[in-house]
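Before any comments, here is the structure.
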Amino acid sequence: MKASRVVSGSLIALALAVPLALMARPDAIADVPATPNADQMAASKLVYGLLSDSRYAYRPRALDGSLSGEIFDRYFENLDAGKLFFTQQDIARFEPLRSGMGAAVRDGDVAPALEVFALYKQRVAERITGARELLKQDIFDFSGTDRWEYDREDAPWAADAAELDTLWRQSVRNDWLRLKLAGKADDEIRKTLDRRYLNTANTVASLNDEDAFSSFLNAYTGSIDPHTDYFNPRAARLFNQSMSLSLEGIGAQLQKQDDVVVIREVIPGGPAAMSNRFKPGDRIVGVGQGTNGPMEDVIGWRIDDVVDKIKGPKDTQVRLDVIPAQATLDSEPVRITLTRARVRLEEQAAKAETLTLPADTEGGREKQIGVIKLPAFYQDFEGRRNRDGEYASATRDVARLLEEFKAKKVDGVVLDLRNNGGGSLNEAVELTGLFIDQGPVVQVRESGGRVGVQGDREPGVAWDGPLAVLINRGSASASEIVAGAIQDYGRGLIIGETTFGKGTVQNLVDLDRWPANETKRFGQVKLTIAQFFLPGGSSTQNKGVEPDIHFPVTVDATEFGESTYDNALPWTRIAAVPHTQYGDFAPLLPRLEQLHDTRVATDKEFVWWAEDIAEFRAEREKKFVSLNEAERRTERDRQTEKRQARQEERRALGLELDPLAEDSDDDGLQASERAIAQQNRLEKAAEERPDPLLRESAAILADAVRLLNADRDLSATVLPESTAPGRWAR
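Encoded structure:
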């Protein structure tokens, strides 16, 4: 079972809280009741009705003994993916429940799951207590041959507590060694790790019955298929917010540091930014509603609870007690009143830049290649339904950027879909329509077998010039629809790695629609309702989209992608639908590959990237790290020297410097343990690092433009529908 789910659907990443950290005071332990409440029982029955007792799901599964056993196994693995808390004895204790897990979902009697969750919390508390005790022992000699085998996904459950003791001992020693190699003194290491482990214990202690219920239902939904999920009301609200790229609140990204919620970043244009009274690192210790509502001390609260207090309808007021970043926590807080507003989350919005490529010959002309980076296919569904014209849309943003490129007269456009995990199917269809002049984009086969076609109905194109789509293994779903359709139409070059392979369509079903609840009580289900196929009839399911020009593989298909799921749908194909064939790049590809190979052989950044990828993959294959200090220090020094040598070579060659070169040594800290300013600086620097893959993609597209413009016969063969040089679509 390769794919694992998070502990709770309610713990999905918060739009206002970038790193996930749900922490409580040591005494704020949330007990898990022995029996579910009425809403949980009703929600469980409704989810069962959708997934096992209806024709709505694409692949419904009867709740038989086989599925019940899968739910049992998946639930334990979801809770303890690293197999560091439960033992074989614990699993055996609950083995009599295996055959009844299906009935628990069907009848809404999830008491067995709550019992398991209560034991999980107990085991975590025990293990963390043990880890903190290890910090007091004399076990931190690193002269031997010990190693920490960190990859336990496929390992069996530990036989007993003694085996877990050994695993935890090595884990704690590795944590200690990382900090020691970073130059920390013993007392500082002990303090840092003790605080880290305590925070972990408090995080799990704060989990409640809603977390347990969501975790169990997601073990069921995940057994139906990899992309079916249950969202409790809070998680559903956050999911919809992430798709709309907007929220109603103060406009600040928050995170948890120890026991306090901290401002991580102030969103430009939001109320917090407009007040000019906040900066990263400021701590929120109290929240009050309106102008005179009682102030609540929120120190020690779960971060999602704090976010719920701060967010609210636009034009309403919220009061915050804030301790500035430079002040001590016992300082008198500053009270700030803000009027909430609708805030656009620009971080995931489409962004553009222009790359200038040198001329290939003496007297030749430089090429300007426009780049559009699209992290997700977002759409504000509610805003679109309101028909007020003001809503977030990936297609609308990309169309605007294309107009800017046309005004600049760029020679080509690269659409960067790397690590774009998908989003709105409608946006994928409409965005493809920016590059083709009417026609089918995707075929959708529903559960009953009926096949429908969705396509571009708008005449004309937003960009008819040279086009390339850059993809990698993290490009999934809607990204694969766009890349696959562009490839089927011969509308542009596909460059990079084979994509994820998610060829299914999900829809959100509101569980409150049937009882017509006025308040949100039951949550939502994101379930698979169809499978999509490209215009040429091929599914992207499992296989993904194969690029025309391949870059070295960063992550193997056995480690990441649809093919790693044990219950993923297989690849298949259906009949093609008629569509325009703008081009056929096959005759051009050998020449492009030759030019690409010649160029990257002397491209220092590309060569270094390929070397690092090969080294990374080799390290992953080991699945362990040495606990010998001399060995680790030698490797650390080697990596430091390598980065410094590369930086010097960049200077000598006049290349752009790597802004992370001086900060790449492992400091042994987690992101939430670093100072906010330092963490923000590191993240910004990572975004500004040299990107040899993007530049090489632009160079490949520029090669194609030159070759086709210089050879009319080749151009007529590759682009039979072209009506003028530089026009790849009619």
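When the count follows this note's numbering, it moves up by one through the sequence shown with no breaks and lands on 924 for the last residue.
Even glycine gets a Cβ: it sits at the ideal position worked out from N, Cα and C.
Owing to the predicted nature of the structure, the values given are computational and were not obtained by experimental measurement.
Check: Report the residue from Glu829, Leu375, Pro884, Gly294 whose alpha carbon sits nearest the alpha carbon of Ala855.; Outcome: Pro884
Check: When the Cβ atoms of the region 380–395 are set against those of the region 344–358, are three or more pairs found closer than 8 Å?; Outcome: no
Check: Less than 8 Å separating the beta-carbons of Leu240 and Leu721?; Outcome: no
Check: Can you give me the start and stop residues for the beta strand (DSSP E) that Gly296 sits inside?; Outcome: Unbroken run through Gly296 is the alpha helix (DSSP H), 295–301; no beta strand (DSSP E).
Check: Who are the Cβ neighbours of Leu789 in its own chain at under 7 Å, not counting the five residues just before and after it?; Outcome: Asp897
Check: For Tyr414, which option in Ile807, Pro427, Tyr269, Glu624 has the closest C-alpha, if you only look at C-alpha atoms?; Outcome: Tyr269
Check: Are the beta-carbon atoms belonging to Leu595 and Ile566 less than 8 Å from one another?; Outcome: yes
Check: With burial defined as no fewer than 16 other Cβ atoms inside 10 Å of the residue's Cβ, what is the status of Leu333: buried or exposed?; Outcome: Inspection of the sequence shows that residue 333 is occupied by Ile rather than by Leu. That one is exposed.
Check: Which class does Lys545 belong to by DSSP, given the choice of helix, strand or coil?; Outcome: strand
Check: List the residues that DSSP assigns as beta-bridge partners of His744.; Outcome: Gly690
Check: Mapping the DSSP letters down to three states, classify Asn368 as helix, strand or coil.; Outcome: helix
Check: So, helix, strand or coil for Pro465, using DSSP?; Outcome: helix
Check: Could you pull the DSSP bridge partners for Glu459 from this structure?; Outcome: Gln447
Check: Assuming contact is defined by CB atoms lying nearer than 8 Å, are Ala298 and Pro306 in contact in what I supplied?; Outcome: yes
Check: From Ala215 to Ala430, what does the alpha carbon distance come to, in whole angstroms?; Outcome: Confidence at Ala215 is low in this model, with a pLDDT of 29, below 50, so its placement is unreliable and no value can be given for it.
Check: Once you ignore the five residues that flank Ser909 on each side, which residues in its own chain have a CB closer than 8 Å to its CB?; Outcome: Leu902, Asn903, Ser916, Pro919
Check: Rank Asp499, Pro488, Gln483, Ile418 by C-alpha distance to the C-alpha of Val454 and give the top, closest one.; Outcome: Asp499
Check: For Phe727, which residues in the same chain have their Cβ closer than 6 Å to its Cβ, ignoring the five residues on either side in sequence?; Outcome: Gln637, Ser733, Ile768
Check: Can you list, in chain order, the residues of its chain whose CB lies under 6 Å from that of Asp704, leaving out five sequence neighbours each side?; Outcome: Gln718
Check: Here's a check: name, in chain order, each residue in its chain whose Cβ is nearer than 7 Å to the Cβ of Leu551, leaving out the five neighbours to either side.; Outcome: Glu560, Lys561, Ile563, Ala892, Ala893, Ala896
Check: What number of angstroms, rounded off, separates the C-alpha of Pro518 from the C-alpha of Arg477?; Outcome: 6 Å
Check: When the Cα atoms are used, what is the spatial distance from Leu913 to Asp852?; Outcome: 39 Å
Check: Just to check my reading of the structure: Pro729 and Val635 have Cβ atoms closer than 8 Å, yes? What is that Cβ distance to the nearest angstrom?; Outcome: 7 Å
Check: Quick one: what does DSSP say Asp345 is sitting in, helix, strand or coil?; Outcome: coil
Check: Within its chain, find whatever has a CB closer than 8 Å to the CB of Ser438; leave out the 5 residues flanking it on each side and keep chain order.; Outcome: Tyr572, Gln573, Asp574, Phe575, Glu576, Gly577, Tyr585, Ala586
Check: For Phe452, which option in Val460, Leu523, Ile444, Asp403 has the closest C-alpha, if you only look at C-alpha atoms?; Outcome: The amino acid at residue 452 is misidentified as Phe; the sequence shows Asp. Checking every option, the nearest Cα to that of Asp452 belongs to Leu523.
Check: Please classify Ala546 as buried or exposed, where buried requires at least 16 other C-beta atoms within 10 Å of its C-beta.; Outcome: buried
Check: So does the region 369–384 actually touch the region 862–881, counting three or more Cβ pairs closer than 8 Å?; Outcome: yes
Check: Among Lys696, Ile665, Asn701, whose alpha-carbon lies nearest the alpha-carbon of Gly686?; Outcome: Ile665
Check: Check Gln573 in the structure and name its three-state DSSP category.; Outcome: strand
Check: Looking only at its own chain, which residues have a Cβ that is under 7 Å from the Cβ of Ala467, when we skip the five neighbours before and after it?; Outcome: Gly445, Val460, Ile461
Check: Using DSSP's beta-bridge definition, name the partner residues of Gln833.; Outcome: In the DSSP output, where bridge partners are listed per residue, Gln833 has none listed.
Check: Decide if Arg534 is buried, meaning its Cβ has at least 16 other Cβ atoms within 10 Å, or exposed.; Outcome: buried
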